[in-house]
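Protein chains in written order, with this note's numbering: chain A, 1 to 610; chain B, 1001 to 1610. Remarks on the structure that follows.
Number of protein chains: 2
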Amino acid sequence: MSSVNPTTLESSDSERNARPLLHAQYITLQGLLNLELGGSLTDVTVAYETYGRLNAARDNAILVCHAISGDSHVARHDDKDDPGWWDIMVGPGKPVDTGRFFAICPNLLGGCRGTTGPGSINPATGVPYGRDFPAITVGDMVEVERRLLDALGITRLLAVVGGSLGGHQAITWATRFPDRVQGVIPLATSPRLTSQALAFDVVARNVIRRDPHYHSGQYYGEKRTPEVGLAIARMIGHITYLSREAMKKKFDADRLQPRNVPTEFEKIFSVGSYLGHQGDRFVERFDANTYIVLSMAMDLFDLGSTPARLAEILKGASCRWLVVSFTSDWLFPPEQSRDIVNALLANRVPVSYCNVQSACGHDAFLLPDDFPVYGEMVRAFLDNLSGKPPVQIGDENGEKHGPTSIFHQLRLDYDRIVELAGTGSSVLDLGCGSGSLLARLKQQFHRHLVGVELDERKILACIHRGLDVIQADLNKGLGAFASGEFDCVVLSQTLQAVADVEGVLSEMLRVGRTCIVSIPNFGYHRLRRMLAEDGRAPKSGGVLRYEWYNTPNIRFFTIADFEDFCRDKKIRVHKQIALDTEAGREIFDNPNLNADLAIFVISRSEEKAD
Amino acid sequence: MSSVNPTTLESSDSERNARPLLHAQYITLQGLLNLELGGSLTDVTVAYETYGRLNAARDNAILVCHAISGDSHVARHDDKDDPGWWDIMVGPGKPVDTGRFFAICPNLLGGCRGTTGPGSINPATGVPYGRDFPAITVGDMVEVERRLLDALGITRLLAVVGGSLGGHQAITWATRFPDRVQGVIPLATSPRLTSQALAFDVVARNVIRRDPHYHSGQYYGEKRTPEVGLAIARMIGHITYLSREAMKKKFDADRLQPRNVPTEFEKIFSVGSYLGHQGDRFVERFDANTYIVLSMAMDLFDLGSTPARLAEILKGASCRWLVVSFTSDWLFPPEQSRDIVNALLANRVPVSYCNVQSACGHDAFLLPDDFPVYGEMVRAFLDNLSGKPPVQIGDENGEKHGPTSIFHQLRLDYDRIVELAGTGSSVLDLGCGSGSLLARLKQQFHRHLVGVELDERKILACIHRGLDVIQADLNKGLGAFASGEFDCVVLSQTLQAVADVEGVLSEMLRVGRTCIVSIPNFGYHRLRRMLAEDGRAPKSGGVLRYEWYNTPNIRFFTIADFEDFCRDKKIRVHKQIALDTEAGREIFDNPNLNADLAIFVISRSEEKAD
């Protein structure tokens, strides 16, 4: 949420803002803007910057939305320019590749960096709005952005991208103007703030409002402004943007060696000098009323308190989505991004999701640390949206095999699963790896294909391929998916690596009208002999190539065991195919002895459904 | 850290404190108190309350230390009395059973509830100390407590118990006055604050100091005091005492329905009205300077930034320890309690530890929610300290068997392990369950016995038995233990349930000079036949009694496999015993076929040690 890199004290932010925003353009949107909470504004001015060129088809525009303390200067315009707040993301050759795309970044409505806000002159009075500035919402911000794009002659955006409050705007673009957005990328965001995050905002506003120099918001022109209140609000913010781990790394070693910065705030501990410095720098470039107005808009942003309500609100948002959260973000915790993803899945909207492993907290989306993961995901998603051919990644022959993938040979089982899944149906692939099976199914014009995977690199590979993939742990259930949502759910060579076998099967049978499960058969004669004759744990090629002590396979069972299980649990077996994959042929004679792999087509027993 | 129950708005706190502390006694410790940071105080007054009776032997006294906002009124003195801040813990029949123990709770040095603090009259000036109150440390607080006990004629405490800053005092008692304490119970505490927690304190102090009514601390007698600053400091504190989950439960549903409380703070959201109310109530009973003085003492509390330094500082603290943390405590996160435990283990000090599963955050130690776990642990620990015979719990015959325990029959393997472990040695039992094996070893006068277990109930059972047990996940390594720390490390019937086999074995071989590993043998003829002849996954009694889909056993291997493993990994096998536990006899002929269990005595190969 901070727009400056919080890992350096020597932030270039203050120097930058001592100068005006050199490259900002200004536009006044003539006329009345009726606001969602009842007020109105006239002739709103918007400060914005653009990067790259709008192409002739006018279909390469990407809107970049900033968070609470950002501005229009998202990136450098050239080597001599001041740093932007998201230089890693926007620029030539960057994920938002300004060699190909036309990026637009406006300062928010209510802001203090060029766009109309509480510090702007109220045309009705000739003095700054101050406390008369009306309460605004994220919807109002997005409406202003829409009018800006109208003025620029852009009717359709390739994408909207933003983190935190920027993510709230991206989501709102998708819900309000679904026809004008091809894809949205909300990072480190939420359907609404947690009560904890809300509480920090409440405290921050109380601190500002109870500053004796606040003067009920009419402090413009006064000798002193609520600097102390704003600085302290910023300090609170800073703590919440960093993870505990990041703060430990930054301040634990030299705890009692405060940095040599001029500040009147407490300077006993290194973390104190840092916060004091950050607070002091912030008041040089930011307005207290803007902080109140924007934080209130964020606090009021609310896509519903229940999954059903959230799904309802996201109903029409049918563009493509890439949702990214960060594991150590405790201000906008990953489960909130997951709520958005679940609602989109319930609406059958194309979405990919990754909870990026990170130690950086909420600020992760602004920092280089995890950029190789989330940056590349944004790049792959935008490339795919814009029709750029995907980077060639390994198919089933070349693909590296992880614990949940199978043989080094031709995927005989995939051929059969593709046949069994039929055409034109919706398919959920659990443990989809890099998307080899889904890519095959996609060629058959399946209309709704979703993969579930745990590995970040494999998820990236799926996004490169233009597949929709959700990061999730199968053992935690398929709560994201509605009952009977898919014609077919596939669990290919994964059951033997699953801790909660009953749970996973029960969940897939709930979600899929039909399920296809392929399993390695420990009853295969070669494996039996290893135990019976050699007295050793069975081992083979493919998924069974590991040693007993390092195998990801933690369930040891045979075709007969699985048949018994289905009978006991009242699971209906529609079809059963046994293969000897080494010989490359189907087995009809005593599969439990002669097959090394079996494919079951199963569903909830009809007796039970009655 | 808050001393009031934060789950109710209708806190009885304000009513209570409108009245003076009826039961407080006051004592003046005549003379000079030289402080650790250089200042001094004279004739310090201490307010304290006592519960129960000191016995003739004067060996039943328990010191209860309060946290930043507490006072001497830890519990009701009778039914008509005002509630205390820890009524669940202290009282007749409670864990700190005042029917048996003599509990003493003093208000802290620097406090504002009767003990000398910044609001007390400075004898040198005749007016309150204010900013002239010297900086104090936790060590100074404990020194005052010691002098109080001297005055009361108590030379030795049965125990010191406290949470948060109260925990800091308990730890300090153990390090400063090891001869005067039999046991210490630090709850929800740390060797020093995290940089994140420190940062919140810095912000809180800045808010108070920058309140225009603070007057550099000389606000006593002024019309207005730094009420706003103190209230906001309290709000920040409150957020950090609750977990995100707890706040969600409390405020998510009625987010936009503020509670009807009179407060001048923002009242738009329910969480805001709550915080405003808490802030307002706090200033009625608390002093801003005390908040600054105590929070600074807490921030300066530092037992070292490295494990080695921490172990050094805790060196002499040889009393018995019960350390408790709470999973959702993000202000004093569990890993910090674990650091204390690791240091104690490194010093071979008797310690038990549990990270109690909780949704309540830092305040968990004051709340009833998880009391059935942590309260009972405190009770069991105190009972044991005071020599009360432990509650009879199941021994190896009656004990309920969890995933890591073994047969329903007589533990033949235990007999052999007890023999192999010898006498007089130190033993670490990994996956110790309810402590049956350790209890047997204890009878043989082993001098240093430690168990490691994951299950809270089993840990409680061990504490009841007076055993030292550490809650830990074996898969995460044995970082707590020094290389070669134990003569013998036992892993009994657990390896087959371990994910990281190599890691666990490597760690136990590092920590133990000798290791005893007992394993079920999947090469046992009956199990072989199940796969070879029936084509079914092997199943048996004891640890092998589960179905393939719900067994906690995730490693399938034979005696021969384990022998191969030891050879490959250069693990030296000193002795090998094979048993047919059903027949109740040792097997000498072809153990891999005829034994269902094997016990290996192993160590790091000498070749490798060279």
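Yeah, the Cβ is synthetic: ideal placement off N, Cα and C, and Gly gets one too.
Query	Result
So the candidates are A:A343, A:T514, A:A480, A:S352; which of them puts its Cα closest to the Cα of I417 of chain A?	A:T514
How about D1455 of chain B: is its C-beta nearer than 8 angstroms to some C-beta of chain A?	no
Of all the residues that make up the stretch 1557-1579 of chain B, which are near chain A by a beta-carbon distance shorter than 7 angstroms?	F1557, T1558, A1560, D1561, F1565
Go to W1548 of chain B, then tell me how far its beta strand (DSSP E) extends in each direction, as first and last residue.	Note, W1548 of chain B: premise wrong, no beta strand (DSSP E); not H, not E.
Taking contact to mean 3 or more Cβ pairs, one atom from each stretch, closer than 8 angstroms, check whether the stretch 1145-1158 of chain B and the stretch 1242-1249 of chain B are in contact.	no
Would you call R53 of chain A buried or exposed, if buried means 16 or more other Cβ atoms sit within 10 Å of its Cβ?	exposed
Just by C-beta distance, which residues in the stretch 196-208 of chain A are closer than 8 angstroms to chain B?	Q196, L198, A199, F200, V202, V203, R205, N206, V207
Taking 7 angstroms as the limit between beta carbons, can you name the residues of its chain near P1591 of chain B, skipping five residues before and five after?	I1559, A1578, A1598
My guess is that S352 of chain A and V469 of chain A are in contact by the Cβ rule of under 8 angstroms, so how many angstroms apart are they, rounded?	5 angstroms
Which residues, in chain order, does the stretch 528-556 of chain A contribute to contact with chain B at a C-beta distance below 9 angstroms?	R528, R529, L531, A532, E533, D534, G535, R536, A537, P538, E547, W548, Y549, N550, T551, N553, I554, R555, F556
Would you give the residue range spanned by the beta strand (DSSP E) that D1468 of chain B belongs to?	From DSSP, D1468 of chain B is part of no beta strand (DSSP E); its letter is neither H nor E.
Measuring CA to CA, which of B:N1384, B:R1585, B:S1190 is closest to Q1182 of chain B?	B:N1384
Rounded to whole angstroms, what's the CA-CA distance from L33 of chain A to V127 of chain A? Just pull it up for me.	20 angstroms
Quick one: what's A1578 of chain B bridged to in DSSP?	B:I1587, B:A1598
Our contact map puts I1136 of chain B next to R1205 of chain B with C-beta atoms below 8 angstroms; I'd like the distance itself, whole angstroms only.	At roughly 15 angstroms, the Cβ-Cβ gap does not stay under 8 angstroms, so I1136 of chain B and R1205 of chain B are not in contact.
Spatial neighbours of R113 of chain A within its chain, please: CB distance less than 7 angstroms, with the 5 preceding and 5 following residues excluded, ordered by chain position.	L21, A47, D71, S72, N107
Indicate whether at least one CB of chain A lies closer than 8 angstroms to the CB of K1315 of chain B.	no
Which stretch, first to last residue, makes up the alpha helix (DSSP H) that contains I340 of chain A?	334-346
Would you identify the three-state DSSP class for N1397 of chain B, choosing helix, strand or coil?	At N1397 of chain B, the pLDDT of 38 sits below 50, so the modelled position is not reliable; the number obtained from the coordinates is stated separately. Coil.
If you follow the beta strand (DSSP E) that T50 of chain A is in, where does it begin and where does it stop?	40-51
Listing by chain order, which chain E residues have their CB less than 7 angstroms from the CB of S190 of chain A?	Structure shown: chain E not included; protein chains present are A and B.
Taking P1616 of chain B and D1339 of chain B to be in contact with their CB atoms under 8 angstroms, please state how far apart those CB atoms are, rounded to whole angstroms.	Since the first residue shown for chain B is 1001 and the last is 1610, residue 1616 of chain B is missing from the structure and cannot be characterised.
By the three-class DSSP mapping on this structure, what secondary structure does Y414 of chain A have?	helix
Have a look at G117 of chain A and K1223 of chain B and give me their C-alpha separation to the nearest angstrom.	38 angstroms
Using Cβ-Cβ distances below 7 angstroms, what residues of the stretch 494-520 of chain A are close to chain B?	V501, E502
Taking only beta-carbon positions, decide if D244 of chain A is within less than 8 angstroms of chain B.	Per the sequence presented here, residue 244 of chain A reads as Arg, with Asp not at that position. Taking Cβ atoms only, chain B reaches closer than 8 angstroms to R244 of chain A, which makes this a yes.
Listing by chain order, which chain A residues have their CB less than 9 angstroms from the CB of K1442 of chain B?	The premise fails here: K1442 of chain B is roughly 32 angstroms from chain A at the closest Cβ pair, so nothing lies under 9 angstroms.
To the nearest angstrom, report how far apart K570 of chain A and L1165 of chain B are at their CA atoms.	57 angstroms
Just verifying my parser: in three-state terms, what is the DSSP assignment at H66 of chain A?	coil
Using a Cβ-Cβ distance under 8 angstroms, would E1312 of chain B count as near chain A?	no
At a Cβ threshold of 8 angstroms, is R1526 of chain B touching chain A?	no
So with CB distances below 9 angstroms, who are the chain B contacts of W330 of chain A?	R1244, W1330
Between I1104 of chain B and chain A, is there a C-beta pair that is closer than 8 angstroms?	no
P333 of chain A versus chain B: which residues are under 9 angstroms apart at the beta carbon?	R1244
Compute the Euclidean distance between the alpha carbons of Y1129 of chain B and S1216 of chain B, then round it to the nearest angstrom.	12 angstroms
Does E49 of chain A have its Cβ less than 8 angstroms from a Cβ in chain B?	no
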